[in-house]
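The listed protein sequences correspond, in order, to chains A and B. Quick note on my numbering: the first sequence kicks off at 664 and runs consecutively. Quick note on my numbering: the second sequence kicks off at 664 and runs consecutively. Beta carbons are placed, not taken as given, at the ideal position from N, Cα and C, and that holds for glycine. One structure below.
2 protein chains.
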Amino acid sequence: MSGAAIALDAMGADHAPKPEVEGAIRAAKDLGIRVILVGREEVLRRELALHPGWESLPIEIHHASEFITMEDSAAKAVRSKRDSSMRVASRLVREGIAQGFVSAGNTGAVMATAKMVQGVVPGVERPALGGAFPTLKNPVVMLDVGANVDCTPRMLAQFAVMGEIYSRVILHCENPRVGLLSIGEEEHKGNELTRAAMVLLKTLPINFIGNIEGSDMYAGKADVIVCDGFIGNVALKVSEGLAEMIRHMLRESFEASVTRKIGYILSRSGFADFRKRVDYSEYGGAPLLGVQGVCIICHGRSNANAIRNAIRVAAEFSTGNINLQMEHGLRSCSNEKVPQPI
Amino acid sequence: MSGAAIALDAMGADHAPKPEVEGAIRAAKDLGIRVILVGREEVLRRELALHPGWESLPIEIHHASEFITMEDSAAKAVRSKRDSSMRVASRLVREGIAQGFVSAGNTGAVMATAKMVQGVVPGVERPALGGAFPTLKNPVVMLDVGANVDCTPRMLAQFAVMGEIYSRVILHCENPRVGLLSIGEEEHKGNELTRAAMVLLKTLPINFIGNIEGSDMYAGKADVIVCDGFIGNVALKVSEGLAEMIRHMLRESFEASVTRKIGYILSRSGFADFRKRVDYSEYGGAPLLGVQGVCIICHGRSNANAIRNAIRVAAEFSTGNINLQMEHGLRSCSNEKVPQPI
Chain A
664 MSGAAIALDA MGADHAPKPE VEGAIRAAKD LGIRVILVGR EEVLRRELAL
714 HPGWESLPIE IHHASEFITM EDSAAKAVRS KRDSSMRVAS RLVREGIAQG
764 FVSAGNTGAV MATAKMVQGV VPGVERPALG GAFPTLKNPV VMLDVGANVD
814 CTPRMLAQFA VMGEIYSRVI LHCENPRVGL LSIGEEEHKG NELTRAAMVL
864 LKTLPINFIG NIEGSDMYAG KADVIVCDGF IGNVALKVSE GLAEMIRHML
914 RESFEASVTR KIGYILSRSG FADFRKRVDY SEYGGAPLLG VQGVCIICHG
964 RSNANAIRNA IRVAAEFSTG NINLQMEHGL RSCSNEKVPQ PI
Chain B
664 MSGAAIALDA MGADHAPKPE VEGAIRAAKD LGIRVILVGR EEVLRRELAL
714 HPGWESLPIE IHHASEFITM EDSAAKAVRS KRDSSMRVAS RLVREGIAQG
764 FVSAGNTGAV MATAKMVQGV VPGVERPALG GAFPTLKNPV VMLDVGANVD
814 CTPRMLAQFA VMGEIYSRVI LHCENPRVGL LSIGEEEHKG NELTRAAMVL
864 LKTLPINFIG NIEGSDMYAG KADVIVCDGF IGNVALKVSE GLAEMIRHML
914 RESFEASVTR KIGYILSRSG FADFRKRVDY SEYGGAPLLG VQGVCIICHG
964 RSNANAIRNA IRVAAEFSTG NINLQMEHGL RSCSNEKVPQ PI
């Protein structure tokens, strides 16, 4: 993995630093990625001691005395707590000591920190959070999933360009089909924002396939799905909630009789298979696209596997020259007529 | 069922008039509801002939020479085709011959027809489509799920009042908890629209529980979920798409080995149970809240069970005095400060 070092905020996850330390060890051991664990040194040493032999892995510790909690505001994260593990990890990227920053901490705080400390790629109006998820076919990336709740058509056009590049370089999709999330396939269907964005998206040098509906999201009809951060966030969280409900109801139905229970036991490797296919932790966190360097944001509930994969994605991202491609790609939409924000 | 007659557009569903005729027969037979089938008389008689003994049921035929297709625009539906089954069925309600109108036709056309022909309840700015769906606890109603793609905060406040009454009267929820769909529980989380709506919703004489997140939708945290029609439509369609993907992946996983297949056979009554719990057809279509009389819109893919249940809901709705309650309830938010649409 060409020597990229990833700075990992080791104090971010709900159960930090356990998943971070274990995830770092797996990334270093399985993938040979250099990981800089950022956080309270004594805490990290204690956790690392549970993994004998870690000293031979490419893992370093970088001390930071503070950390951001889930309750801290994003403003607080960037203005005070200047020695937080989050901020220090981001700074390591700015200073070129690390090539990517990964955190499972407070999402708002991570975004604000990365934007301020690492800065924004030239031409990017607003960085966007990209969520990757499984479909019947290939993995799909949706953006924005929560960084920008009120978007302009121009911002959606930028998201399309950034998502297309991410899909090509990181998800290895050859000619990504970019769809605009709307409520009908026909061009005129949608709200004011999507109808205005449609006009812009059609002018871009990407494989734009028009509107796609919510029901197409998991059918693999598009490789990149563009939407504002409010709707993207709702769409992903609704999915989480529904998957949880289905799991729960299936369990209840199988526990209702002995025969069903036996059936469940016989078929449970099927369930395990299924779970693996829809397991969010395989997807390794959400990239904050459009910031300088690399920033990957993980779910607060991340397990070690999710952290490992986020480190992998950060390393791939850092060697992919994506930001330069984005800078170049965004020039192609910078001369378009800019509709007024609604 | 107190003699309410329901006018059923018998030419609307994808496989019309089959599900409509069978659904009407079930509603008449099981529930004693009077159904007026509206459509081409000869077509309907031919379909009815497949159900011997139908003449003894409270089913009538009302001839209409035309019908609206899925390709017709809403404008066309209301301006031309004046003898369409959709329009004639709606007119029967306006004329007091029927008390409710049910259609599985082109949703945009049904909404436009009902608004124009039946009219709007005094005080209602814009009728809203209410989608009912299952959760781990009680069924929930979400509105708007597609009638209004660009909403003002005031419209959301009206949806809250209409949804609350629907939940109480039709879903028999005692003190419905009304939530605003947003991207975080805290009051300040959301976009411009939801933040402005929050201010209004807090002043209403309803059990408003604040913001709820997409992940709470299926957890039964609220009985009524308020959102604009764009986001509501996306949320429901994303759910449809995800449920479909999960079904597909489970099937694949169970077919991968003989043991798993045997397990599946033993446990399939569990799956049947589960399917019944999440079956949309149990929920009987989406009411268009805020139109005079009653209008229930079904999915184009509706089966006979869905039509039967939509007829049931229409009959309950028509005897529940809901519109009068809405008119009264909406007065409570008519004196509020009206924020500008964003």
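One Cα belongs to residue 832 (chain A), the other to residue 732 (chain A), and the distance between them is close to 33 Å. Taking the beta carbon of residue 903 (chain B) as reference, the chain A residues within 8 Å of it are 877 and 878, listed in sequence order. By the Cβ neighbour-count rule, residue 857 (chain B) is buried, with 16 or more other Cβ atoms within 10 Å of its own. The three-state reading of DSSP puts residue 672 (chain B) in strand, counting E and B together. Beta-bridge analysis with DSSP links residue 889 (chain B) to B:806 and B:843. Three or more Cβ pairs drawn from the region 713-729 of chain B and the region 694-702 of chain B lie within less than 8 Å of each other, which places the two stretches in contact. Cβ proximity to chain B below 9 Å picks out 852, 853, 854, 855, 856 and 857 from the region 848-869 of chain A. Distances from the alpha-carbon of residue 951 (chain A) to those of A:739, A:716, A:893 and A:826 put A:826 closest. For residue 952 (chain A), the pairing in a beta bridge is given by DSSP as A:791. When secondary structure is reduced to three states using DSSP, residue 736 (chain A) falls in the coil class, being assigned neither helix nor strand. Excluding sequence positions up to five before and after residue 992 (chain A), its CB lies within less than 7 Å of the CB of 824 and 828, all in the same chain and listed in chain order. Membership of residue 822 (chain B) in any beta strand (DSSP E) is not indicated; the residue belongs instead to the alpha helix (DSSP H) covering 816-832.
Rounded to the nearest whole angstrom, the CA to CA distance from residue 974 (chain A) to residue 754 (chain A) is 17 Å.
The residue from B:984, B:894, B:719 and B:960 with its alpha-carbon nearest to that of residue 808 (chain B) is B:894. Counted as a single uninterrupted DSSP element, the stretch harbouring residue 728 (chain A) is not any alpha helix (DSSP H), since DSSP gives it neither H nor E. Counting only Cβ-Cβ distances below 9 Å, residue 882 (chain B) has contacts in chain A at 904, 907 and 908, in chain order.
When the five nearest sequence neighbours on each side are left out, the beta carbons in the same chain lying within less than 8 Å of the beta carbon of residue 877 (chain A) are those of 844, 846 and 898, in order along the chain. Per DSSP, residue 766 (chain A) is one residue of the beta strand (DSSP E) stretching across 763-766. The straight-line gap separating the alpha-carbon atoms of residue 710 (chain A) and residue 792 (chain B) is approximately 54 Å. Cβ-Cβ distances below 6 Å link residue 806 (chain B) to 791, 793, 822 and 826 in the same chain, with the five nearest sequence neighbours on each side left out; the list follows chain order.
The beta carbon of residue 990 (chain B) is closer than 6 Å to those of 784, 785 and 786 in its chain, skipping five residues each way along the sequence. A Cβ of chain A is located within less than 8 Å of the beta carbon of residue 809 (chain B). Residue contact check for residue 893 (chain B) against chain A: a CB pair falls below 8 Å.
At a cut-off of 8 Å between C-beta atoms, residue 949 (chain B) does not count as an interface residue with respect to chain A. Sixteen is the threshold: since fewer than 16 other Cβ atoms of the shown chains lie within 10 Å of the Cβ of residue 919 (chain B), the residue is exposed.
Checking the DSSP bridge columns, you'll see residue 698 (chain A) partnered with A:669 and A:722. The C-alpha of residue 747 (chain B) is placed about 52 Å away from the C-alpha of residue 931 (chain A). Taking the Cβ atoms as the reference, residue 737 (chain B) lies roughly 25 Å from residue 759 (chain B), outside the contact range of under 8 Å.
Chain-ordered, the chain B residues with CB closer than 8 Å to the CB of residue 898 (chain A) read 877, 897, 898 and 901. For residue 876 (chain B), the pairing in a beta bridge is given by DSSP as B:845. Of the candidates B:852, B:782 and B:762, B:852 places its Cα closest to the Cα of residue 896 (chain A). Looking at the DSSP output, residue 961 (chain A) sits in no beta bridge, so it has no partner there.
Residue nearest to residue 864 (chain A) within the set A:889, A:882 and A:978 is A:889 (criterion: CA-CA distance). Nearest to residue 909 (chain B) by alpha-carbon distance, out of A:925, A:881, A:922 and A:921, is A:881. For residue 987 (chain A), the number of other beta carbons within 10 angstroms of its own is below 16, and it is reported as exposed. In the structure shown, the three-state DSSP call for residue 811 (chain A) is coil.
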